[in-house]
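Chains as they are written, first to last, in the numbering used here: chain A, 276 to 642; chain B, 276 to 642; chain C, 51 to 459; chain D, 51 to 459.
Okay, structure first, notes after.
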Amino acid sequence: MDFDFSSDQVQLREDLRRFMISASPRSCARAVIESDATMDHEVWEKIVEMGITRLSLPESLGGFGMGIIEQCIAAAEQGRQLAPVPSIASLYLAQQLLLQLPASEAREHYLHASADGNIFSVAAPIKTPWKTTISMENGALNGHHTLVLHAADADYLLVYAHCDDGTPVIAACEKKNVDIEPQPLIDASMSAAKISFKQTPCSVLAKGSVCEIALATTLNRAACLLSFEQMGACDAAFEMANEYAKERQAFGRAIGSYQAIKHKLVDLYTQQQLAHAHCLYAAWALHTNDAALPKAAASALLSSQQALTAMASENIHIHGGMGYTWELDCHLFFKRARFYASVLGNQHLWHARLGNELVYCDTMMEA
Amino acid sequence: MDFDFSSDQVQLREDLRRFMISASPRSCARAVIESDATMDHEVWEKIVEMGITRLSLPESLGGFGMGIIEQCIAAAEQGRQLAPVPSIASLYLAQQLLLQLPASEAREHYLHASADGNIFSVAAPIKTPWKTTISMENGALNGHHTLVLHAADADYLLVYAHCDDGTPVIAACEKKNVDIEPQPLIDASMSAAKISFKQTPCSVLAKGSVCEIALATTLNRAACLLSFEQMGACDAAFEMANEYAKERQAFGRAIGSYQAIKHKLVDLYTQQQLAHAHCLYAAWALHTNDAALPKAAASALLSSQQALTAMASENIHIHGGMGYTWELDCHLFFKRARFYASVLGNQHLWHARLGNELVYCDTMMEA
Amino acid sequence: MDFNDSPEEALFRQTCHEWLASQATLKENNVALSFATLADKVAASRRWQNMKASAGYGAITWPKQYGGMGGSPLQNIIFRQEEAKFLVPPSQFNVSLGMVIPSLMAHANEDIKARHIAPALYGDELWCQLLSEPQAGSDLGMIRTKAVRCDDGRDGWIINGQKVWTSLAQFAEFGMVLTRTNPDVHSFAGMTAFFIDMKSPGVDIKPIVQANGHQEFNEVFLSDVYVPDSQRVGEIDSGWLVTMTALNSERMSIGGLVPDNLIEHVINQLKSLGEEMHDPALLTRLNQLYLKAHGLWLMQCQGMTALSKGQMPSAGLGTAKIIACEVLSEYAQLMFDLRGHEGILSPRAIDEHWSVIEDLWYGAAGMRIAGGTDEIVKNGIGERVLGLPPEPRTDKGKTFRELTERTLA
Amino acid sequence: MDFNDSPEEALFRQTCHEWLASQATLKENNVALSFATLADKVAASRRWQNMKASAGYGAITWPKQYGGMGGSPLQNIIFRQEEAKFLVPPSQFNVSLGMVIPSLMAHANEDIKARHIAPALYGDELWCQLLSEPQAGSDLGMIRTKAVRCDDGRDGWIINGQKVWTSLAQFAEFGMVLTRTNPDVHSFAGMTAFFIDMKSPGVDIKPIVQANGHQEFNEVFLSDVYVPDSQRVGEIDSGWLVTMTALNSERMSIGGLVPDNLIEHVINQLKSLGEEMHDPALLTRLNQLYLKAHGLWLMQCQGMTALSKGQMPSAGLGTAKIIACEVLSEYAQLMFDLRGHEGILSPRAIDEHWSVIEDLWYGAAGMRIAGGTDEIVKNGIGERVLGLPPEPRTDKGKTFRELTERTLA
């Protein structure tokens, strides 16, 4: 039985924690919310410099050749700091999507670009049937997508489109030829936009059913990485609340000595432990590319979302009046939690996926 | 605004409470569980004598001419004592069904019999499509029903059957001509049986679509009455737990002084208050025969079921080791709660009904 | 049993409605007035309060001698129900007229009452309540703001300290302030109440930016603020009595916790989903929300029935605030989820309706804290309604000085 | 990262499996042995324990000097995992060998150990633990069973009192009993441990009928029971140390909390519903159950990984019991609901499989109480894992006599 991070991975986590705390203190997320900015470019540059964008890519593609588990660890540390950077779009979705596509010079080119820290966005549906209003013809894209994550920050877009005859394609284009209309988000430290193509030149990376298989796999892989990011945020909010409960006094003793607060924290801790276990399982499924990946991805996403949603809300509550001020970071977690809860589709979409996997997947390895 | 019991009704409740405590102490339910009996006939006789079986029937049918709200109050008091009597079958289902049928001599006869305390069972489906394997031809019934509440105790059965041409009928027959195969229940203070008809003579009470309308209405009316019975049980379990929490000492103080127990009781109390409000609304809908009846019935059933299920489980827990003994009554509530949760169909059936009513019922009177 | 007014109630409702109709227009689609700034909203509320007071509707339950209507709590609820149907400014006088002035009525001398009650009633003077402090939230016994007797011959006091969560302090003319005057007795026994002119030298008001960006509450710093002894309310060291009167005067909270039409909004949003609206998982969430929202409404109807019969509403209504917080939070979460992937969009940016939902989402988190946290409310119900014993108090019999020294140690 | 045994673990597992295969047959469809009576089950368990002890598998983690295998906690888990695959009697020796004898090893003299450990290991002598009392459940400091020195010249003690929830007392040869020997010191300081022959005069055993009708636990009445001082374990007034050793010796509870195949059973039942199996409301309940059940299994895998690396499992595993209770309760409720209207039928009367579900339904309620209530477990995790401060103890520094007089007053 070897179901846990290796000691090297634990070491990496410690290093990345130190790095992220210094590279992206939570004041960075707050600053993006308070400004018109869509991301913090300085933080992203540091992340690129640190090599997080090339962590799990093979050396042949400009990567460090570490595993996907290391990428999960990096996602959690970004979540802890609520880093205002486009990792979900660029790393969890776009980079993973590129890796699913058939080998080609173009794919190699874009993976190198991704490794180097260029920002990618993905304009694609998040569920079956894979619908799109975007058409691809003669190397040009037309149509629009209502909500593309971090499109305004992107250097390149990966686009799921249909050819005239309905054949799906995945194509890449430069952002500069795309019309971008930013949309205000519930968490303004993140960004998304409505985008329109008008005869936008593109290069086709894949064509046919491979596109849809790649999309489905990418969504599951992105869900695993997002789950780690959510758990990072959850852990940070938990620590914040737990520390406050030890210090804050009411009626002559620390509020954490009252069972109402103590047992609340234990319940949250329990939920957190379960979610961590599912995330670890998702990391294992990613790493081994096991058939359990869809099940593990849905489980990790649902359990981490439940844990963070509860935690973000109770973190405000445990902080009392202070928790409701702009000054404290509680509201940053509250907003981010709500953003995560929709960004790859809501709980009902993932419950449907998990239920489907459980009922139609005959072989279960355990309880 | 006059949304509460009248002072006469409050007085009736007090009278019935004193009566039921003396007529059916909880040792009666326990005795039925510990024996092979299917009900306590002595308790039933006292209930008949007290007039509970004729409470809401018009005087012309041998009743007291009180309202259905008074019947609800009587149901709650039976629930408090977990009375081992066939009220669900005979009063909430059969008597209400008879009242929904078109006037006839036979109906009048059976309503008089019901008022006099004869026990009735209903063999009918509990949901649409109204399926049955029982056929009626030439005044005789054939077929079977897998689960009929209190059939073994019944004097008469009301049966939903199909004629050869598929026309639905509701017919009555005497129990003596029916083959009864009792089924052990999760709560052995209640009873149910598999029943078979073989050329069983019957009298037809209604024919055609009126039968199905009557069944649907009856189920809603029975759900309202059952909700009151559930809340009676819930109140009794709550009082039991609350009293114990005041007395039982741990670590030098009453366990009810700990927030873990205190707030648990407050949460249960809150759930109970909400369920009481829904039951009162159901009583109002019954009384006024308002179009909101289906919605009110489903709301009362779901909220009282949720309240009792939680209460029965936490009543054991708050009593600690003692709560887990046969000696205390906690397990009687635990078993009864589980019985109620299935007897008129499970929560999913009633959620579907409530959701349907909410979404397709355009006019809402309030929040 | 019915949901109708008694004939007297119906008459009163009609009278209110007719007067309101003569002053304002009915809302359409439940859309309320909106204001560019909080200052505009307060100014409009002052004008509307003045109109109400002039017509005798300024304070339904106050005795007539103070300019009130001498009406019942139920009449107050009826007026508010009718008022809510009209396009009028939302009242900014809940603290002023609902809490502070009633405590003045009970504890202040005749001079103060003669000078201050009428201007407050007519909206000319707004009052705030300087109560909570950074170290005294749920536990008001920990108030540290100090008042000491002047030693320069003036017959007054010098106040120093910091208050927090003071509603509308930036607009108020006067503030009732609870101070520590004797640290060497039990913490609730050594406090004294004063009222101060909010323009006094040494009063520094800083709006608090809330999690939702709003700025209705304030920090108020009091630095050597002089207050004459004539502005003391109640006896020296008896300030807790004055505060208790204010807290207990919060009008019967029947209604007003949850907006109307919540369930209708969910159903409309559900219907926009097409086929997916039949999803039993979504319907179950709708149902659970309905069971709480409609159940709360029914409990409030029971409470109003009691008032209508001249009785006190059941103590069970004390759970209303807790239920309401759950309703608001679950409502907002469900509405966001019903937007699917578009749930990441800022509700505020969609339209006024979604902006309200976003406010309720934050509001539910705030409501769990304000006016008694969930925990304090549950302790109260557990002890006063269910009769469960209180927790042992480690601060019992300790003086304020002993408690604060221990805390700092 | 993988779920596989290390080579050493695999080898040990194979050795265990081969020995087990030489003694018993594999289970089919996970169906366990059933017994007509509890007495039969205990007798069969004694025989099987004897066979295991003879082959060296009687106590995997005990030191070899006491007849154990000197194995690791992980080896113990591996043996139990393999054992669970075979049709062998479920062990009735968990208290005897897992709690009582380890406390003898730590606190008893050589004579006692020489006489008693081997017969216990070989299943010839079963031990029970006489601990809880009617007034001392979560709070063992309230134990009232008294032991007083003989005043008739015998070198022994007379024990009087009542114990409750004593597992298998009706079958045990010996019992370890915790008594009060000094009421005038702090409640945990005045207790002494003895072991008694369960056939001693004055020992009266009454099985407790549980809510589910089972009778595994007992009330034990001790009336003037004589016990020689040579059967005292540990020092006078130091009995709490002996009990603590027993409680801490409960073997690492990794696994064994929740039966395998829960989720499979739900899915099979779901599939029997036809079209209705696609109901998202039902699937959501299945999912929520799976998230807890599979999550618990994964947490246990993390714990075993730690053991495999020679580390202690994470303190987070302390939440396992709470999660397991929820899993069992929600599993049973869901299975009952999936039967629709037929959910009213007695599960026991359907078949062996449903009988297990009914047992789990009751069992979950019992498991929330036994071995530390939910509340005690949460206090422990909150204080020891999360570092939150304890509640003030009103019984601190009080003697047992003061506490009991106060309680009775």
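Cβ coordinates follow ideal geometry from the N, Cα and C atoms, glycine included.
Beta-carbon proximity list for residue i, same chain, < 6 Å, skipping 5 on both sides
i: D:V138; result: A74, W98
i: A:K570; result: E632
Under 8 Å from the C-beta of residue i: neighbouring residues of chain B
i: C:Q352; result: F278, D279, A552, L555
Straight-line gap, residue i to residue j (C-alpha atoms, nearest Å)
i: A:E334; j: A:A390; result: 10 Å
i: C:R301; j: D:A399; result: Interpretation of C:R301 is limited by its pLDDT of 48, a score under 50 that renders its predicted location unreliable; the figure taken from the coordinates is listed afterwards. Computed Cα separation, rounded: 58 Å.
i: A:A447; j: A:L432; result: 6 Å
i: D:D189; j: B:A525; result: 6 Å
i: C:L333; j: A:R613; result: 21 Å
i: B:K450; j: B:H623; result: 32 Å
i: B:H626; j: B:S574; result: 9 Å
i: B:H420; j: B:V618; result: 15 Å
i: A:S588; j: C:D329; result: 27 Å
i: D:N337; j: A:C636; result: 13 Å
i: C:P278; j: C:R204; result: 8 Å
i: D:S56; j: B:T408; result: 60 Å
i: A:L422; j: A:A463; result: 15 Å
Which of helix, strand or coil DSSP assigns to residue i
i: C:V214; result: strand
i: A:F609; result: helix
i: A:N417; result: strand
i: C:I127; result: helix
i: D:I313; result: helix
i: C:C178; result: strand
i: C:P330; result: helix
i: A:G620; result: coil
i: C:R443; result: coil
Neighbouring residues, chain D, relative to residue i (Cβ below 8 Å)
i: B:T600; result: I258, V259, Q260, A261
i: B:C605; result: A261
Cβ shell of residue i (< 8 Å), same chain only, five flanking positions each side left out
i: C:G447; result: H236
i: C:V275; result: I208, I209, N210, I246, S250, P251, G252, V253
Counterpart residues of residue i in DSSP-defined beta bridges
i: C:I209; result: C:A197, C:V275
i: A:V434; result: A:A398, A:A446
i: C:E433; result: DSSP, once it has assigned bridges, lists no residue as partnering C:E433.
i: B:H384; result: Per DSSP, none; premise fails for B:H384.
i: B:F294; result: DSSP output for B:F294 lists no bridge partner at all.
Interface residues of chain A facing residue i [CB-CB closer than 7 Å]
i: B:A535; result: Q534, H538
Chain B residues whose Cβ lies nearer than 7 Å to that of residue i
i: C:T444; result: Residues of chain B passing the Cβ test: none, with the nearest at roughly 13 Å.
Within chain C, the residues that residue i reaches when beta carbons sit closer than 7 Å
i: D:D329; result: P330
Residues near residue i in its chain [Cβ-Cβ closer than 7 Å; skip 5 each side]
i: D:D387; result: G393
i: D:A156; result: T295
Chain C contact residues for residue i, given Cβ-Cβ distances below 9 Å
i: D:T423; result: Residues of chain C passing the Cβ test: none, with the nearest at roughly 18 Å.
Contacts that residue i makes with chain D (C-beta to C-beta distance below 9 Å)
i: B:N631; result: What B:N631 touches in chain D: nothing, since even the nearest Cβ is about 13 Å away.
Interface residues of chain B facing residue i [CB-CB closer than 9 Å]
i: D:A374; result: Those within 9 Å of D:A374 in chain B number zero; the least Cβ separation is about 15 Å.
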